[in-house]
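All remarks here apply to the structure that follows.
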Amino acid sequence: MKRWVLALGITLGAAGSTAAQEACLRPVPPEEVKPPADDREFRDFLNQEYQAYLLAMQDYLNCLGREHESATKEVNQIMARWMLWFGDDAKIYSDSREPARP
Numbered sequence: 071m072k073r074w075v076l077a078l079g080i081t082l083g084a085a086g087s088t089a090a091q092e093a094c095l096r097p098v099p100p101e102e103v104k105p106p107a108d109d110r111e112f113r114d115f116l117n118q119e120y121q122a123y124l125l126a127m128q129d130y131l132n133c134l135g136r137e138h139e140s141a142t143k144e145v146n147q148i149m150a151r152w153m154l155w156f157g158d159d160a161k162i163y164s165d166s167r168e169p170a171r172p
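Anchor point for the sequence shown: position 52 equals 122 in my numbering, and the numbering is continuous, going up by one each time.
What follows is the structure, given as structure tokens:
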């Protein structure tokens, strides 16, 4: 039963996606330039930059979520196979004296 506790401990979320790995590229934030009150064109340009960044960041965070789901599903499948094939020998040993991080 201890190995099932380990399986639950490694599982960080529900695995639902079987999507292939994808590259999640973090968008470059907009320059930290205060928008001038007297230059409408430049102000609009900066506003569009912020909008584009926030939309791209939302896509990036969604991508990370899909990657997390995919990685979680993979580790659960590998762990299940490991426990099935190796039974009580399926144990993780560590020389680390630090407690495991959640």
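C-beta: ideal position from N, C-alpha, C; glycine also.
Under the three-state reduction of DSSP, which class applies to residue i: helix, strand or coil?
i	result
S166	coil
E139	helix
L116	helix
V98	coil
A93	coil
A126	helix
Do you know how far the Cα of residue j is from the Cα of residue i?
i	j	result
Y163	K143	22 Å
Please determine whether the Cβ atom of residue i lies at a distance below 7 Å from any heavy atom of the ligand HEM.
i	result
E144	Annotation note on the ligand HEM: not contained in the displayed structure, which lists no ligands.
Report all residues from its chain with a CB closer than 7 Å to the CB of residue i; omit the five preceding and five following residues, and keep chain order.
i	result
A126	P97
**OP:** Examine the Cβ distances between the stretch 123-139 and the stretch 93-111 and report whether three or more of them are shorter than 8 Å.
**Re:** yes
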